[in-house]
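Residue numbers (my numbering): -10 to 619.
Even glycine gets a Cβ: it sits at the ideal position worked out from N, Cα and C.
Single-structure report; data block below.
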């Protein structure tokens, strides 16, 4: 293998291996004949090439040593100095006489440093370019770019040589530091591949070591991909200039170079990487859809890595780990899902079984997407509030999963504990893709259930026999269900550092209510804390939208007086052209009554024309001037 590689590169590196007596091997590069038997200029050029390559490999080793060292130190610090939890656990929170416990000077200093760090590092910055990212993420990206920029040039001195072409008098090659520099940036692009895969892994070893949720690494994954693309472009342009312009005679040298097998695979890898970058733009994702992007990303990335190996197999030490990490991530997902769903089945045997979720639909006649609610119990360890699951609907496809946040704590009031069963409730708006298919499936099942109920009622009326009790029991039709496969939970708790005496303000819009309901419900299910104030602000288009989470809102309303909780619902678009119907034939007023919001019980208006209907710490705000969409 080594001799074949060296023979293929002999013309490029002006070395004749047929008569070589002493060959020195270089990790990740072609072997070198020593002593050099070429002209002085070519020998000096080869000295720079191999010296630069050895230095570049050293720098990649230092880079990975720094990465691994930082991760290990981070993991050690998390173990030795874990983040401080809330002073009093929310589930059993009580503060005597309204006084918070005293803190030591060390604790106050630590809290001050943490607060200052969050103040300066967590705000978003340069949203016009990077989107919703923090200063800390930008700082990490900046450090990576600075390191790569410095060590792409370090150890390479600029020089040039004009060397004669063998057996062609008067024809000369122009050799310079462009070749070694192009190789250096190419090596860095290869070396970053495993890190790029790790940053995109859902079952992330980075999350295990650092405690940072996997989704927080997606920014670095995306920009590391851009960096690798830029390095690959520079590598390609550099060698194109050398082989097509600086080496002579042309076009013979250029044609011989571009038709070599390793160069063909290099072009394939470069084209695939370009397509990967183009499909990762927000415009492409919007045009082709997220699912197409996701599947194409997987396939193109794996083929790209294969093409990169075929282009330069000497550096496969950086590429094979990327493939292995991808398969480890997929295997971990399967194992995690299998453990979550390996339970007792309905027939009493142990096996893999999907959860059966009851389904409710809330139709949207304006075309903004119907809302679907799923409720089911599944026996597994309770999750932390703020975490999310990936849901797969096998009746639609086993190849898609979507992240969703449970809208309530895992255990309903009065339940024995999270290990015997956890309650899942989800609300989602069906815009397109899999959620749209789910809404259509739910509508079909609800329609079939309604037809079955009408048929049962007609049969019983015609028969008019049997006891009244039996008729009532048999007239009940089962609630339509859909199969759900869970993977998770992912993310981290948002209650970990919440002080028991801290005031709480939750703001949400539309189906975003699913993220703020769990902490509020967790708090109201615990003992009230004197002096604490809580407020929920929720913006919806129509008052009937409150029916999405009617049971949870009713629970919050029932505890509003004891826990000093106030709920403000802002209705932004009560279009009069709508029929006002929700699932099951409920009209708007019925949906509002489900959460005990009484129309007109305590109504008022303000100078701007806003109308407010309030009862028992629940206020519904309506604009006095609503333009109905056509």
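Alpha carbons only, please: which of 361, 357, 341 and 419 is nearest the one belonging to residue 347?
Within the chain shown, numbered from 1, the residue matching residue 347 stands at position 358. Residue 361 is the option with its Cα nearest to residue 347.
So, are the CB atoms of residue 378 and residue 477 less than 8 Å apart?
Working through the chain shown from its first residue, we reach residue 378 at position 389. Working through the chain shown from its first residue, we reach residue 477 at position 488. For residue 378 and residue 477, yes; Cβs fall inside 8 Å.
So, does the region 481 to 495 touch the region 374 to 388, judging by three or more C-beta pairs under 8 Å?
yes
Can you have a look at residue 156 and say buried or exposed, based on whether 16 or more other CB atoms are within 10 angstroms of its CB?
Taking the first residue of the chain shown as 1, we reach residue 156 at position 167. It counts as exposed.
In the DSSP assignment, the alpha helix (DSSP H) including residue 263 goes from what residue to what residue?
Counting from 1 along the chain shown, the entry for residue 263 is found at position 274. First-last of the alpha helix (DSSP H) with residue 263: 250 to 268.
When you compare only the Cα positions, how much space is there between residue 7 and residue 32?
Mapped onto the chain shown, residue 7 falls at position 18. Mapped onto the chain shown, residue 32 falls at position 43. Cα-Cα distance, rounded: 18 Å.
Here's the rule: buried if 16 or more other CB atoms are within 10 angstroms of the residue's CB, otherwise exposed. What is residue 687?
Given a span of -10 to 619 for the chain in the structure shown, any question on residue 687 remains unanswerable.
For residue 113, is the classification buried or exposed, using 16 other Cβ atoms within 10 angstroms of its Cβ as the cut-off for buried?
As a first step, residue 113 is located in the chain shown; it is residue number 124 there, counting from the start. So residue 113 counts as exposed.
Going by DSSP, which residues form a beta bridge with residue 417?
Counting from 1 along the chain shown, the entry for residue 417 is found at position 428. Residue 417 pairs with 361.
Work out the CA separation of residue 58 and residue 27 for me, nearest whole Å.
Residue mapping note: residue 27 aligns to position 38 of the chain shown, counting from 1. Residue mapping note: residue 58 aligns to position 69 of the chain shown, counting from 1. Between residue 27 and residue 58, the C-alpha separation is close to 43 Å.
Which whole-angstrom value describes the C-beta separation of residue 419 and residue 358, a residue pair presumed to lie in contact below a C-beta threshold of 8 Å?
The residue labelled residue 419 in the question sits at position 430 within the chain shown. The residue labelled residue 358 in the question sits at position 369 within the chain shown. Indeed, because the Cβ distance is near 5 Å, the residues count as touching under 8 Å.
I'd like to know whether the C-beta atoms of residue 644 and residue 278 end up nearer to each other than 8 Å.
In this structure the chain extends from -10 to 619, so residue 644 is not present and cannot be described.
Does DSSP classify residue 523 as helix, strand or coil?
Taking the first residue of the chain shown as position 1, residue 523 is located at position 534. DSSP places residue 523 in strand when its eight states are reduced to three.
Looking at the unbroken alpha helix (DSSP H) that takes in residue 172, where does it start and where does it end?
Here the question's residue 172 lines up with position 183 in the chain shown. Here the alpha helix (DSSP H) through residue 172 covers 167 to 180.
Measuring only the C-alpha atoms, how far is residue 213 from residue 175?
Residue 213 sits at position 224 when you count from the first residue of the chain shown. Residue 175 sits at position 186 when you count from the first residue of the chain shown. If I take the Cα positions, the gap works out to 14 Å.
Since I believe residue 178 is in contact with residue 220 (beta carbons under 8 Å), could you give me their beta-carbon distance rounded to a whole number of angstroms?
Numbered from 1 along the chain shown, position 231 holds the residue referred to as residue 220. Numbered from 1 along the chain shown, position 189 holds the residue referred to as residue 178. Yes, residue 220 and residue 178 are in contact; Cβ-Cβ is about 4 Å, under 8 Å.
DSSP-derived helix/strand/coil call for residue 82:
For the purposes of this step, residue 82 is taken as the residue at position 93 of the chain shown. Note that residue 82 has pLDDT 42, beneath the 50 cutoff, so the model's placement of it is unreliable and no number is given.
Does DSSP classify residue 331 as helix, strand or coil?
The residue you call residue 331 lines up with position 342 of the chain shown. DSSP places residue 331 in strand when its eight states are reduced to three.
Within the continuous alpha helix (DSSP H) that includes residue 546, where are the two ends?
The count along the chain shown starts at 1 and reaches residue 546 at position 557. That run of the alpha helix (DSSP H) goes 539 to 547.
For residue 14 versus residue 172, is the C-beta spacing smaller than 8 Å?
The residue labelled residue 14 in the question sits at position 25 within the chain shown. The residue labelled residue 172 in the question sits at position 183 within the chain shown. No. Outside cutoff.
Assuming residue 555 contacts residue 606 under a Cβ cut-off of 8 Å, what Cβ separation, rounded to an integer in Å, is found between them?
In the chain shown, counting from the first residue as 1, residue 555 sits at position 566. In the chain shown, counting from the first residue as 1, residue 606 sits at position 617. Right, their Cβ atoms sit about 5 Å apart.
Would you call residue 335 buried or exposed, if buried means 16 or more other Cβ atoms sit within 10 Å of its Cβ?
Your numbering for residue 335 matches position 346 in the chain shown. Burial call: exposed.
Taking all protein chains shown into account, decide if residue 405 is buried (16 or more other Cβ within 10 angstroms of its Cβ) or exposed.
Counted from its first residue, the chain shown places residue 405 at position 416. Bear in mind that a pLDDT of 44 at residue 405, under 50, signals an unreliable position, so the number given afterwards is only what the model happens to contain. Exposed, because fewer than 16 other Cβ atoms sit within 10 Å of the Cβ of residue 405.
Check whether the region 313 to 320 and the region 180 to 196 touch, using three or more Cβ-Cβ pairs below 8 Å as the test.
yes
Helix, strand or coil, according to DSSP, for residue 241 in the structure here?
Along the chain shown, one-based indexing puts residue 241 at 252. Residue 241: helix per DSSP, three-state reduction.
Helix, strand or coil for residue 498, going by three-state DSSP, please let me know.
The residue labelled residue 498 in the question sits at position 509 within the chain shown. Correct three-state label for residue 498: strand.
If you check the beta carbons only, do residue 552 and residue 502 fall under 8 Å apart?
To locate residue 552, count along the chain shown from 1; it is residue 563. To locate residue 502, count along the chain shown from 1; it is residue 513. No.
Nearest to residue 231 (by Cα), restricted to the options 285, 149 and 116
For the purposes of this step, residue 231 is taken as residue 242 along the chain shown, with counting starting at 1. Residue 231 has its Cα closest to that of 149, out of 285, 149 and 116.
Give the straight-line distance between the Cα atoms of residue 198 and residue 470, rounded to the nearest whole angstrom.
Counting from 1 along the chain shown, the entry for residue 198 is found at position 209. Counting from 1 along the chain shown, the entry for residue 470 is found at position 481. Using only the alpha carbons, I get a separation of about 39 Å.
What would DSSP say about residue 155, mapped onto helix, strand or coil?
Start at 1 with the first residue of the chain shown, and residue 155 comes out as number 166. Residue state, collapsed to three classes: coil.
Reference residue 371, options 385, 386, 398 and 354, closest by Cα
Translated into positions along the chain shown, residue 371 becomes position 382. Ranking the options by Cα distance to residue 371, first place goes to 398.
If you run the structure through DSSP and keep just helix, strand and coil, what is residue 490?
Position 501 of the chain shown holds residue 490. It is coil, neither helix nor strand.
Of the choices 500, 353, 345 and 427, whose alpha-carbon is the least far from that of residue 394?
Counted from its first residue, the chain shown places residue 394 at position 405. The shortest C-alpha separation from residue 394 is found at 500.
For residue 424, which of 60, 130 and 382 has the nearest alpha-carbon?
Here residue 424 refers to the residue found at position 435 when the chain shown is read from its first residue. Ranking the options by Cα distance to residue 424, first place goes to 382.
Within the same chain, show all residues whose beta-carbon is closer than 6 Å to that of residue 635, passing over the 5 residues directly before and after it, in chain order.
With the chain represented from -10 up to 619, any question about residue 635 goes unanswered, as that position is not in the structure.
8 Å Cβ cutoff met for residue 17 and residue 52:
By 1-based counting over the chain shown, the position of residue 17 is 28. By 1-based counting over the chain shown, the position of residue 52 is 63. Their beta carbons are not under 8 Å apart, which means residue 17 does not touch residue 52 by this criterion.
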